[in-house]
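Chemist: For any residue, its number in my numbering is found by taking its place in the sequence shown, counting from 1, and adding 25.
All residues carry an ideal CB built from backbone N, CA and C; glycine is no exception.
Keep in mind the model is a prediction, meaning the values are calculated, not measured.
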Amino acid sequence: MVDSRKLSHDVPCSASPRPALPGTASPIVCVVGAGHGGLATAGALALDGHRVRLLNRSADRLAAVSAAGAVQVEGLRSGVGRLEMATSDPARALDDADIVMVVVPASGHRTIAALCAPHLRNRQIVLLCPGRTFGALEFAAALRRAGSRARPRIAEAQTFLFASRVVAPDTVRLFGVKRALAVGVLDAADRTACIEKLRLAIPQVAPASSCLETSLENLGAVFHPALAVHHAERIERGARFEIYRDHRSPELSQALDRVDAERVGLATALGIPARSARRWLDDVYGCTGPTLADALAANPAYRGIEAPTTTRMRYITEDVPCGLVPMSSLGRVLDVATPTIDALIDRASALHHVDYRAAGRRLEDLGLESRVLHRLRSSKRPPELAPLAA
């Protein structure tokens, strides 16, 4: 058993911070989560010279990183990302942090909000990487339920910054990095200050019109459930194949395109800017193809990423309840048909013997009742969520 007290210590940071912009201070970044995305984010930001802390609920998961005082980065970039702190103690990790980057599966947002609630402060930036669908709203609601009186600036990214995989307990391999990262801020009054501060650490940050835009540009929900459900038999019998590239069946190709069309239809119904997934892949990675399946296969950043070894992982356990379920629910409220999304929810629920509709994000729990959505839909102004963030 690892002694958690030994994992909650400060590790001297030997990296030199990048010069801050005139009149600004370099932000202290706390990365929450030590999985594929969290380890990549902490390591890459530390390589850039930022003061980085890594917080994880499980102390055992931090043992190797804590012992090294760093994250080993390989692949697209390579080097040793020295950390200021690796800890399982939220009070120490969050103290004086300017940016709190929550890089965990969206199914863990409620738990992380409850963990952080006593320690967050006013104007601290909380960035969900990613929020998936309505993540910022769920995080804010969870903070209120936990009794937090602080008013942090809550934002959500449209996706992960990196395509990455943990290859050893303290080592992460980077396959690709986004050229742009759309970020929606829950309260429009916080948008400018939030985006400016985030860009000091992540230059790729680009402001979205609102969290509705980032929520409905949740492409993990488009890619992952269809891939995982279609290949469920191959995954469960342990076949090794590249999940984003080895999927040339006409049925899967059509399903991917239909899910994306239904997502775009929901955004259009609310008057929200919406790119197709193929357009997004071209904008972010510079790859394209006649179908979404072809564009995924052409993406060099996804090359080498193998299929999971079980279907009980985030491609279904996160992307169905935190992506497809709220989209389906939104479709019912707005009277927009989502037959392919609904079929994938049903197939995933049957596969895992779980009612993902009941377990997923429900609009009424997030303050997005029918009357609010119809008000947003009929408004002539760009959709804002500031009244719901209070």
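Going by Cα to Cα distance, which pick from L369, A251, G58 is closest to A131?
Modeler: On the sequence shown, position 106 is the one that residue 131 refers to. The candidate whose alpha carbon is nearest that of A131 is G58.
Chemist: Just to confirm before moving on: does the CB-CB distance between C347 and R157 stay below 7 angstroms?
Modeler: Working through the sequence shown from its first residue, we reach residue 347 at position 322. Working through the sequence shown from its first residue, we reach residue 157 at position 132. Closer than 7 angstroms, so yes.
Chemist: Report all residues from its chain with a CB closer than 6 angstroms to the CB of G314; omit the five preceding and five following residues, and keep chain order.
Modeler: Looking up residue 314 in the sequence shown gives position 289. For G314, where only same-chain residues beyond five positions count, the Cβ hits under 6 angstroms are A320, A323.
Chemist: Going by CA-CA distance only, name the one from R386, E99, H249, R148 that's closest to L119.
Modeler: Here residue 119 corresponds to residue number 94 of the sequence shown, with the count starting at 1. It is R148.
Chemist: Excluding five sequence neighbours on each side, which residues of the same chain lie with their C-beta closer than 6 angstroms to the C-beta of G104?
Modeler: Against the sequence shown, residue 104 aligns to sequence position 79. Once the five neighbours on either side are set aside, the close Cβ partners of G104 are L72, V98.
Chemist: Taking one C-beta from the segment 348–368 and one from the segment 139–147 each time, how about it: are there three or more such pairs within less than 8 angstroms?
Modeler: In short, these stretches do not touch, since the Cβ pair count stays below three.
Chemist: Comparing alpha-carbon positions, which option in E343, H255, S240, A326 lies nearest L391?
Modeler: For this step, residue 391 is matched to residue 366 along the sequence shown. Taking only the C-alpha atoms, the option nearest L391 is S240.
Chemist: Taking only three categories from DSSP, how would you classify C312?
Modeler: Counting from one through the sequence shown, the residue named residue 312 turns up at place 287. Coil, per DSSP.
Chemist: Would you tell me roughly how many angstroms separate the C-alpha atoms of A116 and H144, rounded to the nearest one?
Modeler: Along the sequence shown, one-based indexing puts residue 116 at 91. Along the sequence shown, one-based indexing puts residue 144 at 119. Each residue's alpha carbon lies about 6 angstroms from the other.
Chemist: In whole angstroms, what separates the C-alpha of P232 from that of P177?
Modeler: The sequence position of residue 232 within the sequence shown is 207, counting from 1. The sequence position of residue 177 within the sequence shown is 152, counting from 1. Answer to the nearest angstrom: the Cα atoms are 18 angstroms apart.
Chemist: Please identify the residue among A373, A166, R190, V202 whose C-alpha is closest to the C-alpha of L211.
Modeler: Numbered from 1 along the sequence shown, position 186 holds the residue referred to as residue 211. Comparing Cα-Cα distances from L211 to each of A373, A166, R190, V202, the minimum goes to A166.
Chemist: Rank S113, H61, D85, A373 by C-alpha distance to the C-alpha of R78 and give the top, closest one.
Modeler: Numbered from its first residue, the sequence shown carries residue 78 at position 53. Checking every option, the nearest Cα to that of R78 belongs to S113.
Chemist: At the level of alpha carbons, what is the spacing between V192 and D360?
Modeler: Within the sequence shown, the letter at position 167 stands for residue 192. Within the sequence shown, the letter at position 335 stands for residue 360. Straight-line Cα distance between these residues: approximately 45 angstroms.
Chemist: DSSP beta-bridge partners for Q97?
Modeler: Translated into the one-based positions of the sequence shown, residue 97 becomes position 72. In DSSP, Q97 forms a bridge with V105, T196.
Chemist: Exposed or buried, H378, counting other C-beta atoms within 10 Å across all chains shown (16 or more means buried)?
Modeler: On the sequence shown, position 353 is the one that residue 378 refers to. So H378 counts as exposed.
Chemist: Alpha carbon to alpha carbon, what distance is there between A286 and I341?
Modeler: Stepping through the sequence shown from its first residue, residue 341 is reached at position 316. Stepping through the sequence shown from its first residue, residue 286 is reached at position 261. When rounded, the distance between both Cα atoms is 20 angstroms.
Chemist: Tell me whether G62 sits in a helix, a strand or coil according to DSSP, three-state version.
Modeler: As a working note, residue 62 is residue 37 in the sequence shown. If DSSP states are grouped into helix, strand and coil, G62 belongs with the helices.
Chemist: Helix, strand or coil for P130 per DSSP?
Modeler: The count along the sequence shown starts at 1 and reaches residue 130 at position 105. Note: P130 maps to coil in three-state DSSP.
Chemist: Using alpha carbons as the reference points, say which of A188, A253, A180 lies closest to T334.
Modeler: Against the sequence shown, residue 334 aligns to sequence position 309. When each option's Cα is compared against that of T334, the closest is A253.
Chemist: Can you look up L87 in the DSSP assignment and give me helix, strand or coil?
Modeler: Working through the sequence shown from its first residue, we reach residue 87 at position 62. L87: helix per DSSP, three-state reduction.
Chemist: How would you write the range of the beta strand (DSSP E) that E181 sits in, first residue to last?
Modeler: Residue numbering aside, residue 181 sits at position 156 when the sequence shown is read from its first letter. 178–182 is the extent of the beta strand (DSSP E) around E181.
Chemist: Closest to L277 by C-alpha separation, out of H134, A257, D85, V289, would be which residue?
Modeler: As a position in the sequence shown, residue 277 is number 252, starting the count at 1. The shortest C-alpha separation from L277 is found at A257.
Chemist: Quick check on this structure: which residue in A182, R304, S91 has the alpha carbon closest to the alpha carbon of H129?
Modeler: The count along the sequence shown starts at 1 and reaches residue 129 at position 104. In the sequence on display, residue 129 carries Val and not His. The candidate whose alpha carbon is nearest that of V129 is A182.
Chemist: Taking only the alpha-carbon atoms, compute the straight-line gap between V56 and T66 and give it to the nearest angstrom.
Modeler: The residue given as residue 56 occupies position 31 in the sequence shown. The residue given as residue 66 occupies position 41 in the sequence shown. Computed Cα separation, rounded: 7 angstroms.
Chemist: Could you compute how far the alpha carbon of P408 sits from the alpha carbon of L355?
Modeler: By 1-based counting over the sequence shown, the position of residue 408 is 383. By 1-based counting over the sequence shown, the position of residue 355 is 330. At P408 the pLDDT is 49, less than 50, meaning the model places this residue with poor confidence; the figure from the coordinates comes in the next sentence. Cα to Cα, the separation comes out at about 15 angstroms.
Chemist: At what residue ranges does the segment 275–352 contain a whole run of the alpha helix (DSSP H), taking only runs of 4 or more?
Modeler: 275–294, 302–310, 317–323, 339–342, all fully within the segment 275–352.
Chemist: Does the separation of the CB atoms of G245 and D367 fall below 7 angstroms?
Modeler: By one-based count along the sequence shown, residue 245 stands at place 220. By one-based count along the sequence shown, residue 367 stands at place 342. Result no, Cβ atoms of G245 and D367 do not sit closer than 7 angstroms.
Chemist: With E231 as the anchor, note down where its beta strand (DSSP E) starts and where it stops.
Modeler: In the sequence shown, residue 231 corresponds to position 206, counting from 1. The identity of residue 231 in the sequence shown is Ala, whereas the question assumes Glu. 230–232 is the extent of the beta strand (DSSP E) around A231.
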